[in-house]
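Heads up, the thing below is written out as structure tokens.
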Amino acid sequence: MRPLKITDNIWWVGILDPQLRVFDVVMKAEHGTTYNSYLIKGEEKTALIEANKGRFSGEFIARVSEVVDPAEIDYIILNHMEPDHSGALADLMEAAPQAQLFFTRAGKSFAENVSNKLLDDANVIADGDTLDLGGRTLEFMVEPYLHWPDTMFTYLREDNILFSCDFLGAHYCDDRLFDDLLGNYDYAFQYYFTAIMRPFKSHVRRALERIDSLDVKMVCTSHGPIIRTKVAERLESYRQWSLPLEKGEKKTLAVLYVSAYGNTERMGLEIAEGAKAAGVETEIYDLGAVDMERLLNEVEKADGIAIGSCTINGDALPQTWELLSHLIHINTKGMVGGAFGSFAWSGEASLLLTERLKGLKFKVPEKPVRARLTPTPEDLANCRAFGEALAKAL
Ligand code: FEO
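Have a look at this one:
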């Protein structure tokens, strides 16, 4: 693909990666993705925003070269140093040896580790710093945790264009690039928010407030479509999705289970009864019957979880692992957790789940509660006591 002219003096010089199916090892990318970089020519200076992914450095530098000799680039703006934004930095520095680098203070050490170069003469920007390209002014907006501690946005004042890094991005590859020229990518946009931005809701809200004070006409993201027709709509989606989910007035224990023959389910119901008897609210979910987005919402609203699985082939069932792997998307710090489950002969599931809860920094006040096949009255009494103990720890 050729560089794409966005305005008279801005070009998209990024990479299309339509074959990608998994991003960052864990994120699905059914429509591939793009690694967007942008070249801005002022009357006096030329700036390149985002250094792109290392695997594509040859193609990336060749694309830049179609617009400008890289040796003539004055500034390289590094909004973020995760390797999908910066892996090509070392090659780029060789191609553009005169270019000055700009990044946040947190970004500097990442940049040195990515490029394996000391960057003493690079420019650590502060929030609100500006860079004059001649008739075009870049303003730097330090916005940590969107998505790493180092992230910043760059705002092109005269054109009202926000270079938003991961913020408002999507893993969606379409060479038409502009949001009004391609199909509906709402699913990819929301999935991206859930996977990347949801853990940082308060930072998202802070950034939105700041963007509200600007008159943004176009958002040049680092992944997926350039937003030029639905700026307000996309911002509103982020506003809704980043609202904090209020915890109820009463403490709540979410009981989440997957059960092959109903025994683990029976245990979960008794745990809930024990918790209720101790004065807390309970919510009960069969992990096989509820979608992940809703489960995450319910866990976020709760104060603690009891998670249960029967043991099959020495392990907990995949539904429990899937839920626990998604808990990185919400803040579970300080929550109480406990595991339970029935088994036939070995019973590892609840032990393994307990260790994972500890790894996720849940407070785990109780040993797992287990029952061999059909829970006996004594097993069920143990479950009630377990629920009561978790409730008291909330
Ligand atoms: Fe697109 Fe945080 O990487």
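In this note's numbering, the protein residues as written are 70 to 463.
Glycine included, each C-beta is placed from N, C-alpha and C at the ideal position.
Exercise. Trp217 by DSSP, collapsed to three states: which one?
Worked result: coil
Exercise. What does DSSP give as the partner residues of Asp86 in its beta bridges?
Worked result: Thr102
For this session: Measuring alpha carbon to alpha carbon, tell me which of Ile381, Gly428, Lys427 ends up nearest Ala413.
Result: Ile381
For this session: Would you mind reading off the limits of the alpha helix (DSSP H) that contains Ala418?
Result: 418-428
Exercise. Should Asp86 be counted as a contact of ligand 1 given a C-beta to heavy atom distance under 7 Å?
Worked result: no
Exercise. Is it true that the region 359-367 meets the region 327-345, where meeting means three or more beta-carbon pairs spaced less than 8 Å apart?
Worked result: no
For this session: Return the first residue and the last residue of the beta strand (DSSP E) that Cys289 is part of.
Result: 287-290
Exercise. Tyr107 and Ile118: beta carbons closer than 8 Å?
Worked result: yes
Problem set entry | Cβ contact (3+ pairs, closer than 8 Å) linking the region 248-264 and the region 199-208 | no
Exercise. Of all the options Gly156, Glu112, Ser411, Leu251, which has the alpha carbon lying nearest to the alpha carbon of Ala120?
Worked result: Gly156
For this session: For the alpha helix (DSSP H) containing Tyr307, list its first residue and its last residue.
Result: 300-310
Exercise. Can you list, in chain order, the residues of its chain whose CB lies under 6 Å from that of Phe172, leaving out five sequence neighbours each side?
Worked result: Leu147, Ala180
For this session: Using the DSSP secondary-structure output, state which residues sit across from Thr351 in a beta bridge.
Result: Leu322
Exercise. Quick check: the region 437-445 against the region 402-416, are there 3 or more CB pairs under 8 Å?
Worked result: yes
For this session: Kindly list the residues whose CB is nearer than 8 Å to the CB of His149, restricted to its own chain and excluding five residues on each side of it in sequence; keep chain order.
Result: Glu119, Ser155, Gly176, His216, Trp217, Asp219, Thr220, Met221, Cys234, Asp235, Ser291
For this session: Would you check if there are 3 or more beta carbon pairs closer than 8 Å linking the region 189-198 to the region 241-258?
Result: no
Exercise. Roughly how many angstroms separate the alpha carbons of Gly197 and Asn229, rounded to a whole number?
Worked result: 15 Å
Problem set entry | Ala385 to Glu315 span [Cα, whole Å] | 31 Å
Problem set entry | Under 7 Å, CB to nearest heavy atom of ligand 1: contacting residues | His149, Glu151, Asp153, His154, His216, Trp217, Asp235, Gly238, Ile265, Ser291, His292
For this session: Output the distance between the C-alpha atoms of Glu302 and Arg226, rounded to the nearest integer angstrom.
Result: 21 Å
For this session: For Ile142, name the three-state secondary structure that DSSP assigns.
Result: coil
Exercise. Helix, strand or coil: which one does DSSP assign to Leu442?
Worked result: coil
Exercise. Within this structure, are the beta carbons of Ala50 and Glu352 separated by less than 8 Å?
Worked result: Residue 50 cannot be examined here, being either before or after the span of the chain that is shown, 70 to 463.
Exercise. Does DSSP put Thr115 in a helix, a strand or coil?
Worked result: strand
Exercise. How would you label Pro166, buried or exposed, when you count the other beta carbons within 10 angstroms and need 16 or more for buried?
Worked result: exposed
Problem set entry | Proximity winner among Pro434, Asp153, Ile145, relative to Asp93 (alpha-carbon distances) | Asp153
Exercise. Using a Cβ-Cβ cut-off of 7 Å (strictly less than) and excluding sequence neighbours within five positions of Ala344, which residues of its own chain qualify?
Worked result: Leu322, Thr351, Gly456, Glu457, Leu459, Ala460
Problem set entry | Outcome for Ile397 when other beta-carbon atoms lying within 10 angstroms are tallied against a minimum of 16 | exposed
Problem set entry | Close beta carbons around Val300, own chain, < 8 Å, minus the five adjacent residues each side | Val285, Lys286, Met287, Val288
Exercise. Secondary structure at Val368, three-state DSSP: helix, strand or coil?
Worked result: helix
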